[in-house]
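First comes the structure, then the notes that go with it.
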Amino acid sequence: KLQIWDTAGQERFRAISRSVYHGAKGAMIVYDITNQQSFDNVGMWLQELRAHVHPTTTLFLIGNKSDLDHMRAVKKEVADRFARENNMAFMETSALEKINIDRAFEMLVKKMHEAATAASGGDVSGKPKPKASAPSGGKGSVDLTKPVQKAKPAGKKQCNC
């Protein structure tokens, strides 16, 4: 189950945003590739996010309006470097042309799932990692690959009544 909140970076949503951040497992910071000021604000939004979310929260940097490449003010390489330096995934999208929108959300959810699975002791396939209580083959060890066999009581006759 996902809840998606779009605060649009507006001041009037700032107080609400802080309460929403608290339990967030993932977040996207979106800037306009045609607006340098929009990108310059990313650092402030990232700082605010990091102040309110768990350190393992999945973070994405999204450069929107990739359909306006001819009006680009923020180089893709600069944004990509910023994302890598801040342990964020990076992608460019175009909401107008519907380019990479689904992919951005799918990648965010996938990374959130991977982080949650790793935190719970499983691998990314969702299978739990077996935990050993004793060294393999040692006294008290259990081979989890063998079928369970019920022990028969000694000296008692088995009946179907």
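Going by this note's numbering, the final residue of the sequence shown carries number 214, and the count climbs one at a time with no gaps. Here a beta-carbon is modelled for each residue, glycine too, at the ideal position from N, C-alpha and C. Please read these numbers as outputs of a predicted model, since none were measured by experiment.
Could you tell me if residue 145 is buried or exposed, where buried requires 16 or more neighbouring beta carbons within 10 angstroms of its beta carbon?
For the purposes of this step, residue 145 is taken as the residue at position 92 of the sequence shown. Buried.
So, with DSSP's three-state summary, where would you put residue 130?
Here residue 130 refers to the residue found at position 77 of the sequence shown. The answer is helix: DSSP assigns residue 130 an H, G or I state.
Would you decide whether residue 109 is buried or exposed? Buried here means 16 or more other CB atoms lie within 10 Å of its CB.
Position 56 of the sequence shown holds residue 109. Counting Cβ neighbours within 10 Å, residue 109 comes out exposed, since fewer than 16 surround it.
Can you check the stretch 74-111 for any beta strand (DSSP E) of at least 3 residues that lies completely inside it and give the ranges in chain order?
Unbroken beta strand (DSSP E) runs of no fewer than 3 residues, entirely contained in the stretch 74-111, are found at 79-85, following chain order.
Name the two residues that bound the continuous alpha helix (DSSP H) containing residue 167.
Taking the first residue of the sequence shown as 1, we reach residue 167 at position 114. Element bounds for residue 167: 154-172.
So residue 142 is in the beta strand (DSSP E); what residue range does that whole segment cover?
Position 89 of the sequence shown, counted from the first residue, corresponds to residue 142. That run of the beta strand (DSSP E) goes 142-145.
Go ahead and pull the three-state DSSP assignment for residue 114.
One-based indexing of the sequence shown puts residue 114 at position 61. If DSSP states are grouped into helix, strand and coil, residue 114 belongs with the strands.
Could you check whether the Cβ of residue 155 sits closer than 8 Å to any Cβ belonging to chain D?
Of the protein chains in this structure there is only one, and it is not chain D.
Determine the contact status of residue 87 and residue 114, defining contact as a CB-CB distance below 8 Å.
Along the sequence shown, read from residue 1 onward, the residue named residue 87 stands at position 34. Along the sequence shown, read from residue 1 onward, the residue named residue 114 stands at position 61. Taking 8 Å as the Cβ cut-off, residue 87 and residue 114 do not qualify as a contacting pair.
Let me check understanding here. Comparing Cα to Cα, which of 55, 80, 85 lies closest to residue 148?
In the sequence shown, residue 148 corresponds to position 95, counting from 1. For residue 148, the nearest C-alpha among the options comes from 85.
May I have the straight-line CA-CA distance separating residue 130 from residue 140, to the nearest angstrom?
Here residue 130 is taken as the residue at index 77 of the sequence shown, counted from 1. Here residue 140 is taken as the residue at index 87 of the sequence shown, counted from 1. Straight-line Cα distance between these residues: approximately 15 Å.
Between which residues of its own chain and residue 79 is the CB-CB distance below 6 Å, once the five residues before and five after are set aside?
Within the sequence shown, numbered from 1, the residue matching residue 79 stands at position 26. Counting only Cβ-Cβ distances below 6 Å, and skipping sequence neighbours, we find 111, 161, 165.
Cα separation between residue 167 and residue 58?
Your numbering for residue 167 matches position 114 in the sequence shown. Your numbering for residue 58 matches position 5 in the sequence shown. Cα to Cα, the separation comes out at about 21 Å.
What did DSSP end up calling residue 138 once you bin it into helix, strand or coil?
In the sequence shown, the residue the question calls residue 138 occupies position 85. DSSP places residue 138 in helix when its eight states are reduced to three.
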